[in-house]
Amino acid sequence: MDKETEKILNDLKLSIDEAARHREIWWELGVSENRKRFLKEFESEEYNYYLHASYEAHGLVMLLALGRIFDNDSRASSIRSLKDNLKANGHNRIVDTISRSLRSYSTSVQKVLDIRSKIIAHTDTRHDDKSVLRDNSLSPDEIKDLIFAVRETYYYVLRQFFLSTKQHPDGAFGESAVNVLTKLKA
1 MDKETEKILN
11 DLKLSIDEAA
21 RHREIWWELG
31 VSENRKRFLK
41 EFESEEYNYY
51 LHASYEAHGL
61 VMLLALGRIF
71 DNDSRASSIR
81 SLKDNLKANG
91 HNRIVDTISR
101 SLRSYSTSVQ
111 KVLDIRSKII
121 AHTDTRHDDK
131 SVLRDNSLSP
141 DEIKDLIFAV
151 RETYYYVLRQ
161 FFLSTKQHPD
171 GAFGESAVNV
181 LTKLKA
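full-length UniProt numbering applies: residue 1 is where the sequence shown begins, and numbers increase by one.
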């Protein structure tokens, strides 16, 4: 494996892990039943601003990480760059598997890239945040499925090169967020 492939794989690992962990915290702070369970904490003058800003920040970072994973710029360490690099090094079978594995997520990927481009990375004067989010709405399950699919595809690529890596257990960051909310409630 050449240095460029190694760099792309290492960068993708960071972005995939970032998307996964921020999705868990975003989910627990704003999408799950915790808004009802910890209603007093979310409405308290002491914690309200912090909890709401944290929810928004984790959502933004999750979308930024997903945007990096699927960036179309050839200079980015992204799925596209990984496929281009693998193809240039004769690994067409792996590239075909990556494409097949992620094909059904192309609409979700485009929505992520639109959101990132129009309201996160740039503030497009032709669009307002609400219309961009409405036109590119992604359900929490769609986001989770996309993250899990790209992560599984990433691990497939590693296995083809007899590589492995560690990841935090699923749910660890979400559980940590709930633990913080529980402490605030005490």
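Think of the CB as a built atom: it goes at the ideal place given N, C-alpha and C, for glycine as much as any other residue.
Contiguous alpha helix (DSSP H) elements confined to the UniProt domain "HEPN AbiU2-like" (3-155) occur at 3-26, 34-37, 39-43, 48-69, 79-88, 92-102, 106-115, 129-135, taking only those with 4 or more residues. In summary, Ala19 is buried, with 16 or more beta-carbon neighbours lying within 10 Å of its beta-carbon over all protein chains present.
The beta carbon of Gln160 lies closer than 7 Å to those of Ile94 in the same chain, with the five residues before and after it left out. Here Tyr47 is not near Glu56, since their CB atoms are 7 Å or more apart. Note that the segment 165-177 touches the segment 20-37; at least 3 beta-carbon pairs, one per stretch, sit closer than 8 Å.
Between Ile115 and Leu63 the beta-carbon gap is near 6 Å, inside 8 Å, which marks them as a contact. Note that the C-beta distance between Val112 and Leu163 is not below 7 Å. The DSSP-derived three-state label of Leu184 is helix. Note on Ser74: under 16 other CB atoms within 10 angstroms of its CB, so exposed under the neighbour-count rule.
Per the coordinates, the alpha-carbon of Thr5 lies some 17 Å from the alpha-carbon of Ser99.
The alpha-carbon separation between Asn72 and Leu82 amounts to approximately 11 Å.
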